[in-house]
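Beneath this line is the structure, given in C-alpha coordinates, with notes to follow.
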Amino acid sequence: MDLQEFEGLIAQVTDKLQGRDVDASLTAYLDEVVPSDGALFQKITDACHVGVADGWLCQHSAGGIDYGRAIKQGPATHGFSVDVVRMKDLKGPHHAHPNGEIDMNMPIDAAAKFDGAGKGWLVYGPDTAHHPTVTDGEALVLYLLPDGAIDFTRN
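Residues 507 to 661 (the numbering used here) make up the sequence shown, in order.
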(Lines of atoms letter the chains of each structure in order from A; the text may use other names.)
(Lines give C-alpha, C1' and ligand atoms only; values in the text may rest on other atoms or scores of the structure.)
Protein backbone atom coordinates (compact mmCIF):
# COMPACT_ATOMS: atom_id res chain seq x y z
CA MET A 507 0.00 0.00 0.00
CA ASP A 508 1.27 3.46 -0.87
CA LEU A 509 -0.20 6.94 -1.02
CA GLN A 510 -1.42 6.54 -4.60
CA GLU A 511 -3.29 3.33 -3.75
CA PHE A 512 -4.68 5.03 -0.64
CA GLU A 513 -5.95 7.89 -2.78
CA GLY A 514 -7.72 5.34 -4.99
CA LEU A 515 -9.52 3.89 -1.96
CA ILE A 516 -10.56 7.35 -0.80
CA ALA A 517 -11.83 8.18 -4.29
CA GLN A 518 -14.22 5.22 -4.02
CA VAL A 519 -15.80 7.01 -1.05
CA THR A 520 -15.69 10.57 -2.37
CA ASP A 521 -17.23 9.45 -5.67
CA LYS A 522 -20.32 8.46 -3.68
CA LEU A 523 -20.46 11.94 -2.13
CA GLN A 524 -20.72 13.91 -5.36
CA GLY A 525 -23.82 16.09 -5.45
CA ARG A 526 -24.73 15.34 -1.83
CA ASP A 527 -25.05 17.92 0.91
CA VAL A 528 -22.55 17.59 3.73
CA ASP A 529 -24.96 17.46 6.65
CA ALA A 530 -26.08 15.09 9.39
CA SER A 531 -28.18 13.02 6.95
CA LEU A 532 -24.97 12.06 5.17
CA THR A 533 -23.98 9.90 8.16
CA ALA A 534 -26.83 7.45 7.49
CA TYR A 535 -26.04 7.40 3.77
CA LEU A 536 -22.37 6.59 4.41
CA ASP A 537 -23.35 3.92 6.94
CA GLU A 538 -25.35 2.33 4.13
CA VAL A 539 -22.95 2.64 1.18
CA VAL A 540 -19.64 2.25 3.07
CA PRO A 541 -20.64 0.39 6.24
CA SER A 542 -18.13 0.11 9.05
CA ASP A 543 -18.28 -3.69 8.79
CA GLY A 544 -17.78 -3.64 5.02
CA ALA A 545 -14.79 -4.38 2.81
CA LEU A 546 -14.04 -0.80 1.71
CA PHE A 547 -14.11 0.55 5.26
CA GLN A 548 -11.73 -2.23 6.31
CA LYS A 549 -9.39 -1.62 3.35
CA ILE A 550 -9.16 2.06 4.25
CA THR A 551 -8.57 1.19 7.91
CA ASP A 552 -5.80 -1.24 6.96
CA ALA A 553 -4.28 1.35 4.62
CA CYS A 554 -4.26 3.93 7.42
CA HIS A 555 -2.38 1.55 9.72
CA VAL A 556 0.16 0.84 6.95
CA GLY A 557 0.50 4.57 6.25
CA VAL A 558 1.18 5.35 9.90
CA ALA A 559 3.71 2.50 10.18
CA ASP A 560 5.44 3.55 6.93
CA GLY A 561 5.47 7.25 7.84
CA TRP A 562 3.30 8.73 5.10
CA LEU A 563 0.33 9.27 7.44
CA CYS A 564 0.31 11.06 10.81
CA GLN A 565 3.85 12.26 10.20
CA HIS A 566 3.53 15.28 12.54
CA SER A 567 3.04 15.35 16.32
CA ALA A 568 1.86 18.05 18.71
CA GLY A 569 0.04 17.99 22.02
CA GLY A 570 -0.24 14.20 22.06
CA ILE A 571 -1.81 14.07 18.60
CA ASP A 572 -0.18 12.49 15.56
CA TYR A 573 -1.60 14.09 12.42
CA GLY A 574 -1.07 15.03 8.81
CA ARG A 575 -2.78 16.03 5.59
CA ALA A 576 -2.35 13.00 3.38
CA ILE A 577 -4.08 14.32 0.28
CA LYS A 578 -4.80 17.88 -0.79
CA GLN A 579 -8.21 18.59 -2.28
CA GLY A 580 -8.34 17.96 -5.99
CA PRO A 581 -10.05 16.12 -8.82
CA ALA A 582 -8.79 12.66 -7.78
CA THR A 583 -10.76 12.91 -4.53
CA HIS A 584 -13.65 14.94 -5.95
CA GLY A 585 -12.60 18.15 -4.20
CA PHE A 586 -12.03 16.66 -0.74
CA SER A 587 -8.81 16.83 1.22
CA VAL A 588 -7.85 13.93 3.48
CA ASP A 589 -6.32 14.29 6.93
CA VAL A 590 -5.63 11.45 9.34
CA VAL A 591 -5.03 11.82 13.08
CA ARG A 592 -4.18 9.40 15.86
CA MET A 593 -5.44 10.34 19.32
CA LYS A 594 -5.81 8.60 22.66
CA ASP A 595 -8.14 9.88 25.39
CA LEU A 596 -7.61 13.46 24.31
CA LYS A 597 -9.45 16.65 23.46
CA GLY A 598 -7.96 18.21 20.34
CA PRO A 599 -7.73 21.82 19.18
CA HIS A 600 -10.96 23.69 18.47
CA HIS A 601 -11.68 24.19 14.80
CA ALA A 602 -14.50 25.16 12.47
CA HIS A 603 -15.72 23.54 9.28
CA PRO A 604 -16.72 26.22 6.75
CA ASN A 605 -17.94 23.54 4.30
CA GLY A 606 -18.52 20.69 6.73
CA GLU A 607 -16.43 17.70 7.80
CA ILE A 608 -16.86 13.96 7.23
CA ASP A 609 -15.18 11.79 9.87
CA MET A 610 -14.31 8.12 9.66
CA ASN A 611 -13.61 6.74 13.14
CA MET A 612 -11.32 3.71 13.18
CA PRO A 613 -10.84 2.63 16.81
CA ILE A 614 -7.50 1.08 17.65
CA ASP A 615 -8.96 0.16 21.03
CA ALA A 616 -12.38 -1.38 20.39
CA ALA A 617 -14.22 0.92 22.81
CA ALA A 618 -12.66 4.16 21.54
CA LYS A 619 -15.12 6.86 20.58
CA PHE A 620 -14.68 9.99 18.49
CA ASP A 621 -16.93 12.83 19.64
CA GLY A 622 -19.08 10.22 21.38
CA ALA A 623 -19.46 7.98 18.32
CA GLY A 624 -17.98 4.50 17.90
CA LYS A 625 -16.53 2.92 14.78
CA GLY A 626 -18.03 4.38 11.64
CA TRP A 627 -19.03 7.72 10.16
CA LEU A 628 -19.83 11.08 11.72
CA VAL A 629 -20.69 14.17 9.67
CA TYR A 630 -20.64 17.83 10.67
CA GLY A 631 -22.43 20.29 8.40
CA PRO A 632 -21.12 23.63 7.14
CA ASP A 633 -20.32 26.33 9.70
CA THR A 634 -20.04 23.88 12.60
CA ALA A 635 -17.16 23.74 15.07
CA HIS A 636 -15.87 21.44 17.80
CA HIS A 637 -12.98 20.20 19.88
CA PRO A 638 -12.33 16.77 18.30
CA THR A 639 -12.27 14.36 21.22
CA VAL A 640 -11.31 10.71 21.52
CA THR A 641 -12.43 8.88 24.66
CA ASP A 642 -12.21 5.31 25.95
CA GLY A 643 -8.94 4.52 24.19
CA GLU A 644 -7.01 5.20 21.03
CA ALA A 645 -8.35 5.79 17.53
CA LEU A 646 -7.37 6.80 14.05
CA VAL A 647 -9.74 9.36 12.56
CA LEU A 648 -9.83 10.23 8.88
CA TYR A 649 -11.24 13.65 7.98
CA LEU A 650 -12.68 14.43 4.56
CA LEU A 651 -12.88 18.19 4.15
CA PRO A 652 -14.77 19.71 1.20
CA ASP A 653 -12.35 22.03 -0.61
CA GLY A 654 -9.83 21.32 2.19
CA ALA A 655 -11.49 24.01 4.31
CA ILE A 656 -10.78 24.08 8.04
CA ASP A 657 -10.29 27.01 10.41
CA PHE A 658 -8.41 26.47 13.66
CA THR A 659 -9.57 28.83 16.39
CA ARG A 660 -8.35 29.85 19.83
CA ASN A 661 -11.44 28.61 21.69
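Every residue, glycine too, gets a C-beta built ideally from N, C-alpha and C.
Each of H584, T659 and A582 was checked against the Cα of P638, and the nearest Cα belongs to T659. Excluding sequence positions up to five before and after P652, its CB lies within less than 7 angstroms of the CB of V528, G585, F586, N605 and G606, all in the same chain and listed in chain order. A568: member of the beta strand (DSSP E) spanning H566 to A568, first to last residue. Counting along the chain, the unbroken beta strand (DSSP E) around T639 starts and ends at T639 to P652.
Counting other Cβ atoms within 10 Å of its Cβ, G557 reaches 16 or more and is therefore classed as buried. C-alpha of A568 to C-alpha of A534: approximately 33 angstroms in a straight line.
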